[in-house]
Structures are given as structure tokens and as C-alpha cells.
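A.B. asks:
Numbering (my numbering), first residue to last: 2 to 566.
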């Protein structure tokens, strides 16, 4: 019996599922055979010894099975538990054989069941050891009873003649050996099949992990769809680009996220357009599509690789803007001399005529309008020069509160309107070029006044944004800005006014970005607009003593201001 246990220790780790199957089979056999024998057999012929042996065997089998069932999920040595069960089964079958006739017992076939169980749970070597143990146990019981070393379990089982005893022993020995050989071969084949299956499972798991690693490592978005354009899979980068979790997209139509026609996805090679995030926001995207084929080459869906083109669009926009600025600079430089000289002559001549005493008041008014238009043309040329050939900022420490108060004092619209400055008691200091900053604020305030209704309020707020950066906000009560206008608001020569030129806000953005800041617009149609300028704070280190730029006089500030179109 020790050999069986030793073989079990050296056997491969048995699957828990097979041990549980062995437990269930043992309980069924014990209940049917032992319980049935105990209930159906004649109590007189059976005898007290056999009845007690059956009851003890049944109780012991159930107790042992319960202990194994409790220990099996927790133990680190399931092989040992399997070996103990095989040893118990050999002892149980040997007891039944002895109790029911020894060599003539009909329960001797159960040795074959135990051998098969050992092969399935512990392998071919354990089956061989169990076969040898069964042979020894059966022959030992047969010889012990035949030679009188053990008394018969009951008087109803007569001793077999020698020839019948030899035949019974030989028959069982041959049966045990055949069962052992077949069980060993079955166990070996099962081991090989199990090994191949485990290798296949590990290989499949490895490919699955590799597939997941590839999908997770892609910096571009990847979507797979079925033939109807329904999303079946999306990688983490794609879900992040679209602003949601992976599970949110599976089962949705691809045209809800990318500019693609679901039935024709696999027919499209590549393209670009606007993608839609989960929150409804849009962003530029480029994509390429290809058919998704199975191992037989049949098309099962589509594979879509997409990428956020926001940065590329911004770079393209900056390049186009730089090209336009260069062209504008060349144009302004060429026209400045040709326009300003005639304007100076016109302005001087009109001024002299206007001062004539005999001039009619109505004519004097018309000449004043001419002078105003001359000044406007001169300002336009100056603005074109500034936009086309921007001046490098000369930053110093500037108090935004003081600068806002200074500029708004000279911002007086031609119609009724009010300008209010909201600023904290403490200075809000920035590191900026004061002249260029005045120009930014002047343009924003003039723009707000031009779009405000008569008597409307323009608010200039100075403070800090959520990132603790100095912030300057100009709000109006005008008609607001549509999404279409907002997309082109800072483009050169784009104007919302009939007679506007479209350079004021372009110059504002150019100056703000040259300072390392940013400008944003908040607006809803019919609810006015708010322009926010975010600027870098003044450096904490002490600067060399330098006179802070004094407040601009009203005429100077007004001359520097540029109308926004």
C-alpha cells in the first residue's frame, strides 16, 4: 500500500476536477453496492461481522470523502490526497472481497475500478503500482482464507476446492493485469493529450496577451466593426481619444464617432474629418480603413485606425498664418510709403481749408469727416505694418489693474455706453510689454463697445484664473458670437462688421501669444461675449531698477488703438 502512496507523490499534479469526480463516483458506488447489500441481504446468512463491516465501511467512506472535499481546495499537495483515496479504496474493496466470499467474491471487479481511478488521477505509474497492490491484496485474501489463516466471514461461503480456487485467482490476476495495462495506456494518452491541450491553451493565452499588449501599446485609436458598421472592439487609446470607456463604444454605430458611412467603411482607404467625443465636442481626425478578414479570407468587418489631428491642424494653421503675415508684411511695407505720403498731403490741405474763415459750417463738418477717414486709413496702414512685421515684446513688471483703469478712461464710444472696471484691491502684476498690452486692451474694449447696444455695459475684470495666472476679461452685452464666427474670429481680414477690416483681433492674438499667453472666447448667441486674456505672472526674482511705463495719455492711447473688424 505504501507503494501506491509513493507513486502518487511522484505523479504529476492531478486536476482537482478529476479528484472531485473520483469523490462523487466513490460515494455512488458505496451507496449502491454497500448500502444495497446491507439492505437486501439476509441478516441471518450475512452475520453480524459482515453487517458491522459494511456499516463501518459506509460511514468511513462518507467521512473520508467529506474530509477530502474540505481539504482539496485548500491543500498545496493534492497528489497526497489522491494517493490516500486510492489506498482507502484498495482497503475498502479488499474488505468487501473478504466479507463476501474471498476468491469467489463478486466484488473483485472493483479492483479494476480502483486501478482505473488511479490511472485517471495519478497517471500510468500509479496505475501500475495500484495493479500490483490489488494483485497482492486479492491473492493474499484468497490464500489466507483457503489455508485457514483467516476464518471465513460467514458460514454461508464454503471454501473453494483447490482447482476452483486456482482458476478464480488466475482469472482475476489476468483481469487485473489487463485493466492495469489498458488504464496505463489510457493515462499516458490522457497525459499527452492534456499536455498538448495545456500547450495550446498557453499558446492561445500568449497570443491573447500579445494581442492585448499590441492594442494597449498603440498610440493611435483602433476600432473593429462588423459588416453593418457596429463597433465590436476599441483599444484604450481610441477610447481615450473619444473621451469614454471601452465598454461605452461596443455595440454602437461607428458613424456616431467617426465621419464614416457604416455600410461602406471597408471600401474607404483613408480620409479625414471631424470625430465626435462622448461629451459632444468635436476634433479633427485622420483615419485609414481596411477589410477585416478571417483565416479563410472572408470579410468579417472593418478595421479602422484613426488619429487626433488637432496638433497637426494647429501647426498647419500656424504655418498658414505665418505665410499670411509674411505676405501682409510685404504688402504693408510696399504700400506704407505710397499711401502715407498722399495721406499727409491730403490731411494738411484739408486742415488748411477747414480753418478758412469764410467756410460754411456744413462744409467744415464734411472736411472734419474727411480728416477722420484719413486718420482711419493711416491707422489701418499702421496696423498692417504691426501685424505683418510684429515687434518683439519688451516686457517689464506691469500692474494690470492700473493699466485697465488707464485705458478705459479714454474709451468713449460714439454712442451711449458705459465701461466698468472690476479689479481687486491688491495689484495684479504681469510680465509684459506695457505698450502692447495697452493695445490689446484698447482693441478688446473698442470691439466690445462697438457690438454693445446703446446704453450697454462693458465690463473689464482683472484677477486670476483657475491656474493662478493673471487674467484680463472684457465682457459686453451684445448679440453674442455664433459658432461659425467663433471659428474664424482671430483670422486676418475676417470681420463681423460691414465696414470692418478684420485685423484688430488678429493683432490681439498675435501680441498675447508673443507674451506666452492665451486668449479664449465665451459666448452664446443673444447673451453677449467675454474675451479672456491669460498672461504669465511677473517673475518672483528681483528685477533691475527700471521705470515702469507711465500711464498713456488719452490721445496716445487712442492713436495706438486699432479698430477690430
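Ideal Cβ placement from N, Cα and C applies to all residues, glycine included.
What you are looking at is a predicted structure, and each value in this text was computed from that prediction instead of being measured.
Could you say if the stretch 416–435 and the stretch 459–478 meet the contact criterion of at least three C-beta pairs nearer than 8 Å?
C.D. replies: Yes: at least three Cβ pairs fall under 8 Å.
A.B. asks: Which residues share a DSSP beta bridge with residue 568?
C.D. replies: This structure does not reach residue 568, given that the chain is present from 2 up to 566, and the question cannot be answered.
A.B. asks: Between which residues of its own chain and residue 253 is the CB-CB distance below 6 Å, once the five residues before and five after are set aside?
C.D. replies: Taken in chain order, the residues that qualify are 232.
A.B. asks: Helix, strand or coil: how does DSSP classify residue 211 here?
C.D. replies: Three-state result, residue 211: helix.
A.B. asks: So does the stretch 268–286 actually touch the stretch 234–254, counting three or more Cβ pairs closer than 8 Å?
C.D. replies: Counting Cβ pairs under 8 Å, three or more are found: they touch.
A.B. asks: If I measure Cβ to Cβ from residue 437 and keep anything under 8 Å in the same chain, skipping five residues before and after, which residues do I get?
C.D. replies: Here the set comprises 392, 394, 512, 515, 516.
A.B. asks: Assuming the contact rule is C-beta atoms closer than 8 Å, residue 131 and residue 115 should be a hit. Round their C-beta distance to whole Å, please.
C.D. replies: Right, their Cβ atoms sit about 6 Å apart.
A.B. asks: Rounding to the nearest angstrom, what Cα-Cα distance links residue 256 and residue 453 in this structure?
C.D. replies: Going from the Cα of residue 256 to the Cα of residue 453 covers about 41 Å.
A.B. asks: Quick check on DSSP: helix, strand or coil for residue 19?
C.D. replies: If DSSP states are grouped into helix, strand and coil, residue 19 belongs with the helices.
A.B. asks: List in chain order: all unbroken alpha helix (DSSP H) runs of 4+ residues lying wholly within the stretch 122–159.
C.D. replies: Taking only runs of at least 4 residues, the alpha helix (DSSP H) segments lying wholly in the stretch 122–159 are 125–147.
A.B. asks: For residue 536, which of 470, 206, 148, 200 has the nearest alpha-carbon?
C.D. replies: If we check each option's Cα against that of residue 536, 470 comes out closest.
A.B. asks: Nearest-angstrom Cα distance between residue 33 and residue 200?
C.D. replies: About 40 Å.
A.B. asks: Per the contact definition of three or more C-beta pairs closer than 8 Å, is the stretch 187–197 in contact with the stretch 117–130?
C.D. replies: The answer is yes - the stretch 187–197 touches the stretch 117–130, with three or more Cβ pairs under 8 Å.
A.B. asks: Which first and last residues belong to the beta strand (DSSP E) in which residue 519 is found?
C.D. replies: Here the beta strand (DSSP E) through residue 519 covers 519–524.
A.B. asks: For residue 290, list the residues DSSP reports as bridge partners.
C.D. replies: Paired residues: 305.
A.B. asks: Can you find the residues in the same chain that come closer than 6 Å, C-beta to C-beta, to residue 7, ignoring five residues on each side of it along the sequence?
C.D. replies: Because residue 7 sits at a pLDDT of 42, beneath the cut-off of 50, its placement in the model cannot be relied upon, and the following sentence gives the value as read from the coordinates. The answer is none, since no qualifying residue turns up.
A.B. asks: Count Cβ pairs between the stretch 347–357 and the stretch 365–379 that sit closer than 8 Å; are there 3 or more?
C.D. replies: The stretch 347–357, when compared against the stretch 365–379, does touch it at the 8 Å Cβ threshold.
A.B. asks: Take residue 55 as the anchor and find which of 92, 306, 262, 127 has the nearest alpha-carbon.
C.D. replies: For residue 55, the nearest C-alpha among the options comes from 92.
A.B. asks: Which of the three DSSP states, helix, strand or coil, is assigned to residue 378?
C.D. replies: Residue 378 falls in the helix class under three-state DSSP.
A.B. asks: Using only the alpha-carbon positions, how far apart do residue 183 and residue 124 sit?
C.D. replies: One C-alpha to the other measures close to 12 Å.
A.B. asks: State yes or no: is the C-beta of residue 259 within less than 8 Å of the C-beta of residue 238?
C.D. replies: Not in contact: residue 259 and residue 238 (Cβ atoms no closer than 8 Å).
A.B. asks: For residue 423, which residues does DSSP report across the bridge?
C.D. replies: Per DSSP, 462.
A.B. asks: Assuming residue 448 and residue 508 form a contact by the criterion Cβ under 8 Å, report the distance between their Cβ atoms to the nearest whole angstrom.
C.D. replies: Incorrect: roughly 11 Å between the Cβ atoms, too far for contact.
A.B. asks: Taking residue 264 as the reference, give the member of 303, 482, 108 with the closest Cα.
C.D. replies: The residue with the shortest Cα to Cα distance from residue 264 is 303.
A.B. asks: Return the chain-ordered list of same chain residues with a C-beta closer than 7 Å to the C-beta of residue 128, the five sequence neighbours on each side being excluded.
C.D. replies: If we look at residue 128 and ignore the five residues flanking it on each side, its Cβ neighbours are 116, 119, 120, 181, 184, 185, 188.
A.B. asks: Does DSSP put residue 8 in a helix, a strand or coil?
C.D. replies: Any answer about residue 8 is weak, because its pLDDT of 40 lies below 50 and its placement is not dependable; what the coordinates show is given next. Helix.
A.B. asks: Thinking residue 531 and residue 523 are a contact (beta carbons under 8 Å), I'd like their distance in whole angstroms, please.
C.D. replies: At roughly 5 Å, the Cβ-Cβ gap stays under 8 Å, so residue 531 and residue 523 are in contact.
A.B. asks: Nearest to residue 521 by CA position, among 313, 488, 439, is which residue?
C.D. replies: Considering only alpha carbons, the answer is 488.
A.B. asks: Buried or exposed, going by whether 16 or more other CB atoms sit within 10 Å of the CB of residue 197?
C.D. replies: Looking at its Cβ environment, which holds fewer than 16 other Cβ atoms inside 10 Å, residue 197 is exposed.
A.B. asks: Is residue 299 helix, strand or coil when you go by DSSP?
C.D. replies: Three-state DSSP puts residue 299 in coil, outside helix and strand.
A.B. asks: Assuming the contact rule is C-beta atoms closer than 8 Å, residue 430 and residue 408 should be a hit. Round their C-beta distance to whole Å, please.
C.D. replies: Not really, about 17 Å apart at Cβ, beyond 8 Å.
A.B. asks: How should residue 208 be labelled, buried or exposed, when 16 other C-beta atoms within 10 angstroms of its C-beta is the threshold for buried?
C.D. replies: So residue 208 ends up on the exposed side.
A.B. asks: In chain order, what residues of the same chain have a beta carbon less than 8 Å from the beta carbon of residue 283, not counting five sequence neighbours either side?
C.D. replies: These residues qualify, in order along the chain: 275, 276, 277.
A.B. asks: Would the stretch 93–111 count as touching the stretch 145–153 if we require 3 or more Cβ pairs under 8 Å?
C.D. replies: Counting Cβ pairs under 8 Å, three or more are found: they touch.
A.B. asks: Are residue 20 and residue 74 touching if we call contact CB-CB under 8 Å?
C.D. replies: No; because the gap between Cβ atoms is not below 8 Å, this pair is not in contact.
A.B. asks: Straight-line CA distance for residue 64 to residue 28?
C.D. replies: Their Cα atoms are separated by approximately 10 Å.
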